Structures are given as C-alpha cells and as structure tokens.
Amino acid sequence: MTEFELKFQVDPRDRAAVEGAVARGRSTRQRLQARYYDTADGALAAQRIVLRVRKEGQRWVQTAKAPGGNALERHEHNVEIDTAKAGDVPLPRLERHAGTPVGALIARALHAAGQDTAGARLLPLHATDIRRTTREMRTGDACVELAFDRGEVRAGDRSHPVCELEIELKSGSPQSLLELARRWRVRYAISLDTVSKSARGERLAKGVEYGVPIKAEPPAVGEDMDGPQVFRAVLGACLAQILPNASEVAAASPEPEHVHQLRVGIRRLRTALREMGALAPAIDPTWEPALVDAFRALGRQRDREHLQKTVQPQIEAAGGPQVTWPHPAEPEPDPAAVVRGQAFQLVLIGLIAASLPPEEQPAGAPPAEQHAEPARKPLRARLSKLHRQVVRDSRRFDTLAPEAQHRVRKRLKRLRYLAEFVAPIFGKRRAARYLKALHPAQDALGEHNDAAVAIDAYRKAAGHDGSAWFAVGWLSAQQRQRALECRTALEKVAQARRFWKSS
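The numbering used here puts the last residue of the sequence shown at 720; the count rises by one with no breaks.
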C-alpha cells in the first residue's frame, strides 16, 4: 500500500493540549518498541528504505517502507509475526515482503550493493520506545488517524527525545487531511518535520544531529505535459528542497547552509508562482507575502555574516579600520522561529495541497481541469519575455539606479530558474548551453548587489561609528567598475542561443 501522512514537531508549550486533543473520543494508548535493521554497508538506507520489527502491545509486526511518488508518500508493507513464546523477540526476514512493491525495491537496493535477498545479513542499528495515543476520525470525505508520540530514539548510549503528531490518511481525500492539518496548525504550535524516527536513529548512530543541506533537483517534466501538470511537478521539486531544509532550520540547526538552501528553495518557488501562475489551477494570494517575509527574515543572518566575515576583512586588508556595529533597533529574527511560525507553516500546507494531482471526479461530473494543451507555448512566451527584458537592461545597466539594477538581478534569477524548470520540455543539452551563458552575469550581478548591501549597512553604521565612512568610500569607488563588468556579462546573455526557440 501507499502511505500518505504529515508529521509535526510539537512545541513544548502545547504538548499537553495536543496529547489531550488526540485522546478525545475513542482513542487508544499503546507502547511501541521497535528495532531498525540494515545491512552492514547500509544498502537499504542508501535507497531510503526502512526496515523495522516492532512490538505493538502484545504482537510483533515487521514493516518495510520505501519512497513513494513525492516527499510525503511512501510505499509500506506490514507483516504480523507469530512467536513461539511470549517473550521471544523475532528477527527480521526480507522474504516476508516478497511480491510487494516494497519487496521489489528492497531487491533492487540489494542488487545495487552486490547482494541478494536470500544472502543479505541484517544488523540492528537503533531502536525506539514510544508511548502512542491514537484516534481515528472523519474529516471531510476522508478517514484519518491522529497519533501523538512521546518517547525516545536510541542508538548505543545516545538518545533523542520524541514528541510528535502524525496525521495519516486511511481512506479518502488527501486534501481533506491537509485541511485538517491546517486547522490543527492554527490551533496549536506544531511545525512540519520530514525527519523520520528511522532517520533520527541513523544520525544518532553516526553521532550527528542534523542532516545534510538539500540542494535543488530538476522537476520531472515532459514535453507532452499540460500546464497544470508542469506546474505541479515544479511545485513538488521546490517542496523537495524546502521541506527538509525547513525541518533542519526549525530544529535550530546552526549550519548556515541549511538557511541558504531554504532561501534558494523559496526563491525558486516564488519564481514558479510568478512565472507559471497562468498554468496553475489556483494560487493563494496570501502565499507570496508570507514567503517574502520569511525570505527576508532568513536573509538577514546571511547578509550579516557576509558583511562581517567577507567584506570587513577586505576593508581591513585595504588599510581600513575596524568598525563597531550598533546594536539592532529590534532583535534579529530567529531562523527557527521564522520557520516554525504560523504564517510560513500554513503556506507549506497550502503548497503541499497544490502539488497533489486532481482527485478523480464522480461519473458524469465535469473535469476538474480544462487545460489540455501542452505547456510549451505559454512557457515559450514567458521565457522570451524575461530574456527580452534582461537584454534590454543589459545595454544600459551601468546607468540604472541601484533599485533598477537590483530588479535586473532578480529578473535574471527568474530567467535562470524558469529555464532550469522547463529544460526537459525543450531539450536539456540546448538548455544547458544557454544556462552556462547566464553564469558569468549571475556572478557579476551577485557581487555588485552584495557590495550595494554592504554600502548601505556601513552608511547606517557611520551614524554610530564614523570610521565606517572609509568602507563606504572604498566600496563606492569600485561600484562603477562593477557595474561595467555586469553590463559586459549581461551582453553575453543577449548573444546566447535561446533553447526554447524552434530550430
């Protein structure tokens, strides 16, 4: 079967309220003790396959899970295990999943590692001990299971506390589940989390607390797709970058790259919403301001670090003085608080809903979508418009006001992201050559913009420390040359062959 569920971390201040809400009505309480297994070389984990044996009350169940169609869907197969004695602890056997989609994925993973199902030796890696409160309920046209988990994950002498809410679809519409999730997020301080208990155990076993930053991957689009199909594929690809990085930032990861990759994901998403909005069945107008607020709040940390770790050393190397930075008028936004905030979390839930395929309509009902034409024509028009605007501004870039120069940079980014999104529709090789021509301009405009941001920051600091004026003068003296370099790089974009044009 395929599992669709959302998992949320529960804020400590709302733990009792969430547990009490799940325990209403016909709820059950159960102790779940699980052991997770893999081969010595991690053949299953390499393909994101999870294998566990879990004691659920008085019975034992072996479960295998593997990635499904998107980040929130998983293939799952459960087998109840009989034991000879009440105290026996059964060992895992991979053949229990034979003949299922998960079994086929397990066999493929082992084959890739030079093993087979019969000969693979499984080792226990980590364990969980969870007190679970569950309740099934109807919501809209769906039946869902609410599960509140409290306990811990253990690996050797390391442990990590668990306090989570899971909402799993048992039958009916995923959209109804998402609407329920939205209501619970309005009511309680919960935040989406993509780190499974198994992944948490793997990290404990390795002695690491946070996962690797997730970079963007191209969407799975094809030339025969219609507009809504392309949009949903792009949205899914953006979420595949945003959700895991947001989970790490919400967990207070100190790694700046998590924040950076989250901001890249948000920027790509905003490009999709802006440039592909005409292809989408519906876009909630409240998404954009919430995304802008989060993007800017998360960017303040990056700007401050760039200023202090990159620009100021350059100033001092040029003979400039150290600068005493004034305390901000208001506290800097905490990245974890920004991501866990209600506005951002509600946008994520809405985007997940928009990324799902349309539901089947009852017999005789009109189709949910009227778009049937391939998306090539409207996408070609959007690419052409952005390209023309960039070319137009390239001829006069050095004469534009700073605000206008910044708009050129943002437009160039949108052109790049849109080209990356739709490259398979028009030809990946031709698109790659075009994108390569954009790189020098992206780098030049990025450096020019960073310098402009730094100049503004030093001007503000000068009101507190007059020595900051040296940096203002030193940076400003170079801006004219940087602008000319940007113009030269942009002129190469004008010469690039447009891959979306017919041969």
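Quick reminder that beta carbons are idealized off the backbone N, C-alpha and C, glycines included. These numbers were taken from a predicted model, which means no experiment stands behind them.
request  = Evaluate the contact criterion for the stretch 408-420 versus the stretch 340-348: three or more CB pairs, one atom per stretch, below 8 Å.
outcome  = Under the 8 Å Cβ criterion, the stretch 408-420 counts as touching the stretch 340-348, having at least three qualifying pairs.
request  = Return the CA-CA distance between residue 543 and residue 675, expressed in angstroms with no decimal places.
outcome  = Within the sequence shown, numbered from 1, the residue matching residue 543 stands at position 326. Within the sequence shown, numbered from 1, the residue matching residue 675 stands at position 458. The C-alpha of residue 543 lies about 10 Å from the C-alpha of residue 675.
task = Let me know if residue 702 comes out buried or exposed under the rule of 16 or more other beta-carbons within 10 Å of its beta-carbon.
result = Here residue 702 corresponds to residue number 485 of the sequence shown, with the count starting at 1. Under a 10 Å Cβ-count criterion, residue 702 is classified as buried, with 16 or more other Cβ atoms of the shown protein chains found around its own Cβ.
Own chain residues within Cβ distance below 7 Å of residue 398, not counting five before or after = Within the sequence shown, numbered from 1, the residue matching residue 398 stands at position 181. Sequence-distant partners of residue 398 (beyond 5 residues in either direction) whose C-beta falls short of 7 Å from its own C-beta, in its chain, are 223, 384 and 566.
key: Sequence-distant residues of its chain with Cβ nearer than 6 Å to residue 639 (five each side left out)   = For this step, residue 639 is matched to residue 422 along the sequence shown. Cβ contact annotation for residue 639 (same chain, cutoff 6 Å, sequence separation greater than five): 596, in chain order.
inquiry  = How far does the beta strand (DSSP E) with residue 461 in it extend, from its first residue to its last?
reply    = Locating residue 461 in the sequence shown gives position 244, counting from the first residue. Per DSSP, residue 461 belongs to no beta strand (DSSP E); it is in the alpha helix (DSSP H), 444-467.
task = Would you kindly check if the distance between the Cβ of residue 710 and the Cβ of residue 658 is under 8 Å?
result = Numbered from its first residue, the sequence shown carries residue 658 at position 441. Numbered from its first residue, the sequence shown carries residue 710 at position 493. Yes.
ask   = Which of helix, strand or coil does DSSP assign to residue 717?
value = Counting from one through the sequence shown, the residue named residue 717 turns up at place 500. In this structure, DSSP gives residue 717 a state outside helix and strand, which the three-state scheme calls coil.
ask   = Taking the alpha-carbon positions, what's the residue 706 to residue 695 distance?
value = Counting from 1 along the sequence shown, the entry for residue 706 is found at position 489. Counting from 1 along the sequence shown, the entry for residue 695 is found at position 478. Spanning the two alpha carbons is a distance of roughly 17 Å.
key: Span separating the alpha-carbon of residue 588 from that of residue 633   = Translated into positions along the sequence shown, residue 588 becomes position 371. Translated into positions along the sequence shown, residue 633 becomes position 416. Because residue 588 sits at a pLDDT of 48, beneath the cut-off of 50, its placement in the model cannot be relied upon, and the point is left open.
ask   = Based on the DSSP secondary-structure assignment, which residues constitute the bridge partners of residue 224?
value = For this step, residue 224 is matched to residue 7 along the sequence shown. Answer by DSSP bridge pairing, in chain order: 383.
ask   = Under the rule that 16 or more other beta-carbon atoms within 10 Å means buried, what is residue 603, buried or exposed?
value = The sequence position of residue 603 within the sequence shown is 386, counting from 1. Label assigned to residue 603: buried.
query = What's the C-alpha gap between residue 387 and residue 445?
reply = Here residue 387 refers to the residue found at position 170 of the sequence shown. Here residue 445 refers to the residue found at position 228 of the sequence shown. Each residue's alpha carbon lies about 27 Å from the other.
query = Three or more C-beta pairs closer than 8 Å, one from the stretch 294-313 and one from the stretch 346-360: is that the case here?
reply = Below 8 Å, too few C-beta pairs join the stretch 294-313 and the stretch 346-360 to call them touching: fewer than three.
query = Alpha carbon to alpha carbon, how far is residue 528 from residue 627?
reply = Here residue 528 refers to the residue found at position 311 when the sequence shown is read from its first residue. Here residue 627 refers to the residue found at position 410 when the sequence shown is read from its first residue. Each residue's alpha carbon lies about 22 Å from the other.
Close beta carbons around residue 371, own chain, < 6 Å, minus the five adjacent residues each side = Position 154 of the sequence shown, counted from the start, is the residue given in the question as residue 371. Residues of the same chain with a CB within less than 6 Å of the CB of residue 371, apart from the 5 flanking positions on each side, are 344 in chain order.
query = Closest to residue 689 by CA distance: which of 266, 360, 227 and 537 is it?
reply = Taking the sequence shown and counting its residues from 1, one reaches residue 689 at position 472. Of 266, 360, 227 and 537, the residue nearest in Cα terms is 537.
Cβ neighbour criterion (16 or more within 10 Å) applied to residue 494 = Counting from 1 along the sequence shown, the entry for residue 494 is found at position 277. The residue in question, residue 494, is exposed, as its Cβ has fewer than 16 Cβ neighbours within 10 Å.
request  = Output the boundary residues of the alpha helix (DSSP H) element that contains residue 607.
outcome  = Translated into positions along the sequence shown, residue 607 becomes position 390. For residue 607, the enclosing alpha helix (DSSP H) stretches over residues 593-611.
key: the ligand SAH heavy atom lying under 7 Å from the CB of residue 537   = Among the components of this structure there are no ligands whatsoever, and the ligand SAH is therefore not found.
query = Considering residue 369, what are the terminal residues of the beta strand (DSSP E) in which it resides?
reply = Residue numbering aside, residue 369 sits at position 152 when the sequence shown is read from its first letter. Residues 359-372.
message = Output needed for residue 593: all residues of its chain with C-beta closer than 7 Å, excluding positions within five of it in sequence on either side, in chain order.
response = For the purposes of this step, residue 593 is taken as the residue at position 376 of the sequence shown. So the qualifying residues of the chain are 440 and 642.
request  = Compute the Euclidean distance between the alpha carbons of residue 477 and residue 242, then round it to the nearest angstrom.
outcome  = Counting from 1 along the sequence shown, the entry for residue 477 is found at position 260. Counting from 1 along the sequence shown, the entry for residue 242 is found at position 25. Cα to Cα, residue 477 sits roughly 44 Å from residue 242.
request  = Compute the distance between the beta-carbons of residue 480 and residue 524, then report whether it is under 8 Å.
outcome  = Sequence index remark: in the sequence shown, residue 480 carries index 263 (1-based). Sequence index remark: in the sequence shown, residue 524 carries index 307 (1-based). The beta carbons of residue 480 and residue 524 sit no closer together than 8 Å.
The stretch 392-411 / the stretch 226-240 touching (three or more Cβ pairs under 8 Å) = Contact between the stretch 392-411 and the stretch 226-240 is established, with three or more Cβ pairs separated by less than 8 Å.
ask   = Is the stretch 456-465 in contact with the stretch 292-300, if contact means three or more CB pairs nearer than 8 Å?
value = Contact between the stretch 456-465 and the stretch 292-300 is absent, because fewer than three Cβ pairs lie under 8 Å.
message = So for residue 673, helix, strand or coil by DSSP?
response = As a working mapping, residue 673 is identified with position 456 in the sequence shown. Reduced to three states, the DSSP call for residue 673 is helix.
key: Candidates 376, 613, 269 and 713, of which the one nearest residue 424 by Cα   = Taking the first residue of the sequence shown as position 1, residue 424 is located at position 207. It is 376.
request  = Following the continuous alpha helix (DSSP H) through residue 542, name the residue where it begins and the one where it ends.
outcome  = Indexing the sequence shown from 1 puts residue 542 at position 325. Careful: residue 542 lies outside any alpha helix (DSSP H) and carries neither H nor E.
Backbone CA spacing between residue 509 and residue 555 [nearest angstrom] = Mapped onto the sequence shown, residue 509 falls at position 292. Mapped onto the sequence shown, residue 555 falls at position 338. Approximately 12 Å, taken between the alpha carbons.
task = Kindly indicate which three-state DSSP category residue 172 falls into: helix, strand or coil?
result = Lying before the first or after the last residue shown, residue 172 is absent from the chain, which here runs from 218 to 720.
message = In the DSSP output, what is residue 250 paired with across the bridge?
response = Counted from its first residue, the sequence shown places residue 250 at position 33. Note: residue 250 is bridge-paired with 272 and 346 in the DSSP secondary-structure output.
task = Can you grab the Cα-Cα spacing for the pair residue 452 / residue 570, in whole Å?
result = Your numbering for residue 452 matches position 235 in the sequence shown. Your numbering for residue 570 matches position 353 in the sequence shown. If you draw a straight line from the Cα of residue 452 to the Cα of residue 570, it is about 10 Å long.
message = On the CB-based measure, 16 or more other CB atoms within 10 Å of its CB, does residue 304 come out buried or exposed?
response = Start at 1 with the first residue of the sequence shown, and residue 304 comes out as number 87. With fewer than 16 other Cβ atoms within 10 Å, it is exposed.
message = Going by the DSSP bridge assignment, what does residue 277 pair with across the sheet?
response = Against the sequence shown, residue 277 aligns to sequence position 60. For residue 277, DSSP records a beta bridge to 272 and 298.
task = Please say whether residue 671 and residue 540 have beta carbons closer to each other than 8 Å?
result = To locate residue 540, count along the sequence shown from 1; it is residue 323. To locate residue 671, count along the sequence shown from 1; it is residue 454. No, they are not a contact pair.
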